[in-house]
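Below you'll find the structure, written out as structure tokens, and then a few comments.
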Amino acid sequence: MIKPDGVQRGLVGEIISRFERRGLKLVAIKVESPSKEHLEKHYSDLASKPFFPSLIKYMTSGPVVAMVWEGRGAASLGRQLLGQTNPTASAPGTIRGDFCIDMGSNLIHGSDSQESAQKEIDLWFPNGVTEYQLDSAKWVYEQ
Ligand code: GTP
Ligand code: MG
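Heads up, the sequence shown is in full-length UniProt numbering, so the first residue is 1 and it goes up one at a time.
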């Protein structure tokens, strides 16, 4: 999910492009201004953290772009593309390492496992995703 700062800074295309170029397949996407309640559900595992109120305020400060990317090992691959939670610890070449500085404005969310990805897909895309064959896959994966 591209967070409100990523949308406002015009980084949607850049971020999508990085996922596409890696070989992942886009199967769902939407622009939305999610409610506080929706984001509290999304980040429910962090509810007891001291930064939780500021995280919810940040995440409701503007529209986000929610996406589902599919591919072999997509969750861990996605996290590699993102970099570390703290942008200053993120290597150049990662999204956070290239485009941001602050943990409270770190541009993008990525599911941290296949299990949380499934939970988050159910929350953000209750009508499911679009399954299709990506023709370039035969050039991305060893045949
Ligand atoms: P997400 O992909 O957004 O879930 O980030 P993450 O998995 O790298 O980190 P985590 O799930 O632990 O935290 C969720 C978000 O809360 C982070 O991306 C930050 O925006 C914010 N956050 C996490 N830890 C801190 C912190 O110590 N201070 C502040 N201000 N924000 C934090
Ligand atoms: Mg997380």
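Note that CB positions come from ideal geometry on N, CA and C, so glycine has one too.
Between the Cα of G13 and those of M67, L46 and F52, spot the shortest distance and give me the residue it belongs to.
-> Within the sequence shown, residue 13 is the residue found at index 13, counting from 1. It is M67.
Pull up the distance between the alpha-carbon of F125 and that of T88, whole angstroms please.
On the sequence shown, residue 125 is found 125 positions in, with the first residue counted as 1. On the sequence shown, residue 88 is found 88 positions in, with the first residue counted as 1. Straight-line Cα distance between these residues: approximately 32 Å.
For ligand 4, residues whose Cβ lies under 6 Å from any non-hydrogen atom
Here the bound small molecules are ligand 1 and ligand 2; ligand 4 is not part of this structure.
Going along the chain, which residues of its own chain have a beta-carbon closer than 7 Å to the beta-carbon of H109, five neighbours each way excluded?
-> Looking up residue 109 in the sequence shown gives position 109. Answer for H109: M1 and K3, listed in chain order.
query = Is D5 buried or exposed, if buried means 16 or more other CB atoms sit within 10 Å of its CB?
reply = As a working note, residue 5 is residue 5 in the sequence shown. Buried, since its Cβ has 16 or more Cβ neighbours within 10 Å.
TODO: State the start and end residues of the unbroken alpha helix (DSSP H) segment that holds E70.
DONE: Reading the sequence shown from its first residue, position 70 is the one you call residue 70. Counting along the chain, E70 falls outside any alpha helix (DSSP H), though it belongs to the beta strand (DSSP E) covering V64 to E70.
message = Can you tell me whether residue 174 is helix, strand or coil according to DSSP?
response = There is no way to answer for residue 174, as the model of the chain reaches only from 1 to 143.
- Endpoints, beta strand (DSSP E) assigned at A28: Here residue 28 is taken as the residue at index 28 of the sequence shown, counted from 1. Where A28 is concerned, the enclosing beta strand (DSSP E) stretches over K25 to E32.
| said: I'd like the list of long-range same chain contacts for K41, defined as Cβ closer than 8 Å, with 5 residues on each side in sequence excluded. | reply: For the purposes of this step, residue 41 is taken as the residue at position 41 of the sequence shown. Excluding positions up to five away in sequence, the list reads L123.
Sort S17, R72, G128 and R79 by Cα distance to Y141 and report the nearest one.
In the sequence shown, residue 141 corresponds to position 141, counting from 1. Checked all of S17, R72, G128 and R79; the closest Cα to Y141 is R72.
DSSP on I2, reduced to helix/strand/coil?
As a position in the sequence shown, residue 2 is number 2, starting the count at 1. Correct three-state label for I2: strand.
Legend entry - Sequence-distant residues of the same chain with beta carbon closer than 8 Å to R18, five excluded per side: Position 18 of the sequence shown holds residue 18. Cβ within range, chain order: L81 and I95.
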